[in-house]
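Quick note, our numbering runs 351 ahead of the 1-based positions in the sequence shown.
Presented below is the structure to which this report refers.
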Amino acid sequence: MDTRILKDYIVENEIGEGGYGRILKAKNIAENKYYAIKVMPIEGAKDDLIVGRAKKEAAALSELNHSNIVKVKGFLSNPSELYIIMEYITGHDLDTEIEIRKKNTNLPGIDIDLAIDITLNISSALALCHEKGIIHRDIKPANLIFTETTSNIMLIDFGIIKWQPNSDLFVNNAKITNRGLDMTTKKGEIIGTPCYISPEQLKGKEASALSDTYSLAISFYHMIAGTPPFDGEIIIDTLHSILHDKISPPPIGIFNTTNISKRSKIELNQLLHKILLKATNKDPSKRYQDPISFAKALKEFKALKKRKIEMYLKRKRKSSSFKFSLFIFILLVIAICIYIFFR
Numbered sequence: 352m353d354t355r356i357l358k359d360y361i362v363e364n365e366i367g368e369g370g371y372g373r374i375l376k377a378k379n380i381a382e383n384k385y386y387a388i389k390v391m392p393i394e395g396a397k398d399d400l401i402v403g404r405a406k407k408e409a410a411a412l413s414e415l416n417h418s419n420i421v422k423v424k425g426f427l428s429n430p431s432e433l434y435i436i437m438e439y440i441t442g443h444d445l446d447t448e449i450e451i452r453k454k455n456t457n458l459p460g461i462d463i464d465l466a467i468d469i470t471l472n473i474s475s476a477l478a479l480c481h482e483k484g485i486i487h488r489d490i491k492p493a494n495l496i497f498t499e500t501t502s503n504i505m506l507i508d509f510g511i512i513k514w515q516p517n518s519d520l521f522v523n524n525a526k527i528t529n530r531g532l533d534m535t536t537k538k539g540e541i542i543g544t545p546c547y548i549s550p551e552q553l554k555g556k557e558a559s560a561l562s563d564t565y566s567l568a569i570s571f572y573h574m575i576a577g578t579p580p581f582d583g584e585i586i587i588d589t590l591h592s593i594l595h596d597k598i599s600p601p602p603i604g605i606f607n608t609t610n611i612s613k614r615s616k617i618e619l620n621q622l623l624h625k626i627l628l629k630a631t632n633k634d635p636s637k638r639y640q641d642p643i644s645f646a647k648a649l650k651e652f653k654a655l656k657k658r659k660i661e662m663y664l665k666r667k668r669k670s671s672s673f674k675f676s677l678f679i680f681i682l683l684v685i686a687i688c689i690y691i692f693f694r
């Protein structure tokens, strides 16, 4: 590392590493404030246009202002590395939160209403990114952080450098595990993470806003079901499922409540499955065409679920009221009969 580039910062330690580079925790000397600095190697990029595009995207990220996007202060560079200076946040990722909820509740994953709220927030964040021409390319629970102080959900780890892939599938230089892999961004390799990556990205095609929407839908499924829908024992099984299999219905256990009828649970699950089928269609043109449209479908689903619960509780109260009235009536009849008998 060229420490002269970081003359305004004191690097304390490395806090993360992935296919896109290392993450350092550093203190800005003048501000006496901590930042996270992503260090991305660019010495292999001989094409100045590619390096220029990376810097342009970094500059665009620094202009994003959204409560659910980690703030980018700016960037620095030298001939071998690009440094993205970001807001330093403490907390834990959504992957961890899902496992905590699985252990502490009777649900397979996160409560569905909370999962929808998280998805609505991230959809709004993605919509802003797409409006600015920025594609995240790696939406997954590990890139969604619950902040320690506010419990807000934050979108992190944008894939800044996007090398143009060819039309073939290459995983030759990847350290392959199903969920722990951030596939590197060198030419001829996939950008994204297995389980969450879109079919078109697996085929080596250009990532788009529709790819982000797909990955968000897969992440939503993981939230409620406790596991991604395409998660084979080996990487080849996972990749095959992403390319060829339709998403399965979520487990009925996501509606683990006594405040709704079994019939309503089945109907709601069928509707949710229909929404997920559209969001994860193998053909991008048949998906929801932006994250807000997907979020709108989930919001309407949540409202329908609420109405069904209210109707069920209303019927239950009416039934209880009728039973109580019937009980009082029977008592009155018995009392009258006893009175007549002993008169």
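We put the CB at the ideal spot given by N, CA and C, even for glycine.
The model shown is predicted, which means the values in this text are computed figures rather than measured ones.
Our two residues, Ser562 and Lys665, have alpha carbons roughly 42 Å apart in a direct line. Under DSSP, Tyr386 takes part in a beta bridge, and its partners are Ala377, Glu438.
Annotation: Glu368 to Ile374 spans about 6 Å, alpha carbon to alpha carbon. Within the region 410-485, complete beta strand (DSSP E) segments of at least 3 residues are found at 423-428, 432-438, 442-444, given in chain order. Assignment of Ile643 by DSSP, reduced to helix, strand and coil, places it in the helix class. In the DSSP assignment, Ile504 forms a beta bridge with Phe497. Counting along the chain, the unbroken alpha helix (DSSP H) around His595 starts and ends at 586-595. Apart from sequence neighbours up to five positions away, the residues of its chain that approach Ile388 with a beta-carbon distance below 6 Å are Leu375, Ala377, Tyr434, Ile436, ordered along the chain. For His624, the uninterrupted alpha helix (DSSP H) run begins and ends at 613-630, by DSSP.
For the pair of segments examined, the region 642-653 was found to touch the region 462-480: the number of CB pairs separated by less than 8 Å reaches three. Burial check for Cys688: the Cβ neighbour count within 10 Å stays below 16, so the residue is exposed. Pairing Leu412 with Asp489, the inter-Cα distance amounts to about 15 Å. Taking C-alpha positions only, Pro492 is separated from Thr470 by approximately 11 Å.
For Ala558, there is no enclosing alpha helix (DSSP H), as DSSP marks it with neither H nor E.
Distance from the Cα of Ser592 is smallest, within the candidate group Asp508, Pro580, Pro601, Pro602, for Pro580. If you draw a straight line from the Cα of Tyr385 to the Cα of Ala576, it is about 36 Å long. Pro430 is classed as exposed because its beta carbon has fewer than 16 other beta carbons within 10 Å across all chains shown. Close CB contacts of Ile603 within its chain, under the 8 Å cut and outside five residues either way in sequence, are with Lys616, Ile617, Asn620 (chain order). The straight-line gap separating the alpha-carbon atoms of Asp464 and Ser428 is approximately 43 Å. Among the bridge pairs identified by DSSP, Gly367 is matched with Ile374.
Assigned with DSSP and collapsed to three states, Tyr547 falls in coil, not helix or strand. Under a 10 Å Cβ-count criterion, Arg638 is classified as buried, with 16 or more other Cβ atoms of the shown protein chains found around its own Cβ. DSSP, reduced to helix, strand and coil, places Ile361 within a strand of the structure shown. Excluding five sequence positions before and after Ile467, the CB atoms of its chain that fall closer than 6 Å to its own CB belong to Leu649, Lys653, given in chain order. Your pair Tyr572 and Ser549 does not check out as a contact, with CB atoms roughly 14 Å apart and the cut at 8 Å. Leu495 is not a Cβ neighbour of Ile605, given a cutoff of 8 Å.
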